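Chemist: To start, I am sharing the structure in question, which I have written as structure tokens.
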């Protein structure tokens, strides 16, 4: 059956056959599920029914509207003119000034080292105290006044 068809036609026929077989399987599955449930008797349930009636009545509504009145209001327009005026201005001239340069002078500052005290662990070892030492430290400062 498929031997004397071209490749494109053969593929199309196979897809159509596959679709038909798939649909038959779906229908068979639904039928089997229906049989498996058995007969289901419907139970009556009360339902409330409401009916709405709409009646259309033709009416005409007249609405007053405003009318426009054309008025002419005279307006005057002034045309500004530019009048150039010369204004004298003062011009400041730059002058040179001497600026003093800062000088460095060393100033000694003392530093104090705190003595270190050791806590004795054994009382048979004699404790020696270390006296505080002061060492002068020189830091440069700037002197603005010459």
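Numbering (the working numbering), first residue to last: 260 to 405. Note that CB positions come from ideal geometry on N, CA and C, so glycine has one too. The model shown is predicted, which means the values in this text are computed figures rather than measured ones.
#1: Cα separation between residue 289 and residue 315?
#2: Whole angstroms is fine: what's the gap from residue 277's alpha carbon to residue 293's?
#3: For a test of the three-state rule: what should DSSP assign to residue 281, helix, strand or coil?
Modeler: Reading off the structure:
#1: Along the chain shown, one-based indexing puts residue 289 at 30. Along the chain shown, one-based indexing puts residue 315 at 56. In a straight line, the C-alpha of residue 289 is about 50 Å away from that of residue 315.
#2: As a first step, residue 277 is located in the chain shown; it is residue number 18 there, counting from the start. As a first step, residue 293 is located in the chain shown; it is residue number 34 there, counting from the start. Going by the C-alpha atoms only, they are around 25 Å apart.
#3: Walking along the chain shown from the start, residue 281 turns up at place 22. DSSP places residue 281 in the helix class (H, G or I) of the three-state scheme.
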